[in-house]
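Undergrad:
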Amino acid sequence: MEQTREGRSWEFAPFDPWSPDGKTLLFLSTDADLWRMNPGGTERMRLTDGGRIVPGLPLAGYGADWSDDGRQIVYTSCLFDNSAVWKTLVATTAEGSPAVNYSDIRKDADIWIMDADGSNKSQLTTGGDARLPLWEPHGDRIAYLSTKSGGQGVWVTDRGGRAEQVTFFEGNVTGYAWSPDGSAIVCVVGAPAGEWPEFSLWVVPLDGSGVRQLTSGNLDQAPAWSPDGDRIAFRSMSRNQSALWVMKSGGSDLEPLAPGNAIMHQWSPDGRMIAVSDGDDISVIAFDDRTTPASPGFGVTGALAALVLLPMLGRRSGRRP
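In terms of my numbering, the sequence shown opens at residue 690 and continues consecutively.
(1) Rounded to the nearest angstrom, what separates I952 and G918 at their Cα positions?
(2) Suppose only complete runs of 3+ residues qualify. What are the beta strand (DSSP E) ranges in the region 930 to 954, listed by chain order?
(3) Report all residues from its chain with a CB closer than 6 Å to the CB of R1009; omit the five preceding and five following residues, and keep chain order.
(4) So what does DSSP say about P706, is it helix, strand or coil?
(5) According to DSSP, is F976 helix, strand or coil?
(6) For N907, which of N809, M926, S898 has the nearest alpha-carbon?
(7) Roughly how many angstroms separate the alpha carbons of A922 and C876, rounded to a whole number?
(8) Taking only three categories from DSSP, how would you classify P822?
(9) How should E825 be labelled, buried or exposed, when 16 other C-beta atoms within 10 angstroms of its C-beta is the threshold for buried?
(10) Measuring only the C-alpha atoms, how far is Q841 from A866?
(11) Enumerate in chain order the residues of its own chain whose CB-to-CB distance from P894 is below 6 Å, with the five nearest sequence positions on each side excluded.
(12) Do the CB positions of D738 and D754 come within less than 8 Å of each other?
(13) Tell me, please, which residues DSSP counts as bridged to Q812.
(14) Classify P886: buried if its beta carbon has 16 or more other beta carbons within 10 angstroms, exposed otherwise.
(15) Which value, in whole angstroms, describes the spacing of the CA atoms of S808 and R851?
(16) Would a C-beta distance cut-off of 8 Å place V892 and S938 closer than the cut-off?
(17) Just curious, the beta strand (DSSP E) that D909 is in, first and last residue?
(18) Taking the alpha-carbon of L823 as reference, which of T815, G817, A832 has the nearest alpha-carbon?
(19) Following the continuous beta strand (DSSP E) through A882, name the residue where it begins and the one where it ends.
Rendered as structure tokens:
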């Protein structure tokens, strides 16, 4: 985090901030605006206006992603009604302090698209609390999560806003990732309401050829395809041997990779290594000998640092096999 002369703090958001050419970074300011800058921290440019965005909720820029050519940015925006905010703020608690109930003033989040300089903003979705957009690797389609049909699932739209639902699970989809060739999506699916809580991984081919379940019985999340599409790395909170696992994209050859509390991971562009962060250190796992070298010693700790440092090893690895 850096403090500017104006007293405003800046921080990265939980998405890959790097432009495809590696020359520009996206980040969120603490007042909920999406900005861009070069890796040296200069040439900052404000891309979205946070004046009508609810603090502490999914914000403008939440889940932002670059197009493969670097010319456009897709992002999530959650706006609100000023009059609703005022009515909520004038209410007070028993202690006399303002009572803010964000559920009374929040509007559904929607997916927007804009040019890389912040111009030509266009709304792609309406309703359904859409969020977490991801551009198709080497393509024009955009996937995102939405509750438009009831439970939360994955939808895919083109740049013109023509959308279709591609997942139909009983439980909610809480995360997903494109395959490198754009032919399939791996999803994190929660158990249906009333059942024992678990999160399993499923692969959904977009040609309709059949959904495949990859894992079950655990709390599995954060799937990441290898650049060649042959393997999927993911985090598990239920397997005692390791927090980070890898398997074939069809679900076979499951094996542990890294012990401890792995909170972030990313493949190298050649698929031979995975960078792993536990929030304090960043290590690299080499697949030729499965060893985990000591932390490279970047001198920066925490998950926010990992958001910047991991892409330096595997920058846009999902798009550059």
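Glycine included, every Cβ here is placed at the ideal spot set by N, Cα and C.
TA: Reading it off the structure:
(1) One-based indexing of the sequence shown puts residue 952 at position 263. One-based indexing of the sequence shown puts residue 918 at position 229. Between I952 and G918, the C-alpha separation is close to 22 Å.
(2) Qualifying beta strand (DSSP E) stretches, in chain order: 933 to 937, 944 to 947.
(3) Locating residue 1009 in the sequence shown gives position 320, counting from the first residue. With a pLDDT of 32 at R1009, under the threshold of 50, the modelled position of that residue is not reliable, and the figure given next carries that caveat. Cβ within range, chain order: P958.
(4) As a position in the sequence shown, residue 706 is number 17, starting the count at 1. In the structure shown, P706 sits in coil (DSSP, three-state: anything other than H, G, I, E or B).
(5) Residue mapping note: residue 976 aligns to position 287 of the sequence shown, counting from 1. It is coil, neither helix nor strand.
(6) Numbered from its first residue, the sequence shown carries residue 907 at position 218. Cα-wise, what sits closest to N907 is M926.
(7) Sequence index remark: in the sequence shown, residue 922 carries index 233 (1-based). Sequence index remark: in the sequence shown, residue 876 carries index 187 (1-based). Spanning the two alpha carbons is a distance of roughly 13 Å.
(8) Indexing the sequence shown from 1 puts residue 822 at position 133. DSSP, reduced to helix, strand and coil, places P822 within a strand of the structure shown.
(9) What you label residue 825 is simply residue 136 of the sequence shown in a count that begins at 1. E825 should be labelled buried.
(10) One-based indexing of the sequence shown puts residue 841 at position 152. One-based indexing of the sequence shown puts residue 866 at position 177. Taking the straight line joining both Cα atoms gives about 15 Å.
(11) The residue you call residue 894 lines up with position 205 of the sequence shown. Correct list, in chain order: A873.
(12) Here the question's residue 738 lines up with position 49 in the sequence shown. Here the question's residue 754 lines up with position 65 in the sequence shown. Not closer than 8 Å, so no.
(13) Your numbering for residue 812 matches position 123 in the sequence shown. W801.
(14) Taking the first residue of the sequence shown as position 1, residue 886 is located at position 197. P886 is classed as exposed because its beta carbon has fewer than 16 other beta carbons within 10 Å across all chains shown.
(15) In the sequence shown, residue 808 corresponds to position 119, counting from 1. In the sequence shown, residue 851 corresponds to position 162, counting from 1. Near 21 Å, if we compare the C-alpha coordinates of R851 and S808.
(16) In the sequence shown, the residue the question calls residue 892 occupies position 203. In the sequence shown, the residue the question calls residue 938 occupies position 249. In contact: V892 and S938 (Cβ atoms closer than 8 Å).
(17) The count along the sequence shown starts at 1 and reaches residue 909 at position 220. In the DSSP assignment, D909 falls within the unbroken beta strand (DSSP E) covering 909 to 914.
(18) Numbered from its first residue, the sequence shown carries residue 823 at position 134. Nearest of T815, G817, A832 to L823, Cα basis: A832.
(19) One-based indexing of the sequence shown puts residue 882 at position 193. A882 -> no beta strand (DSSP E), and no H or E assigned at all.
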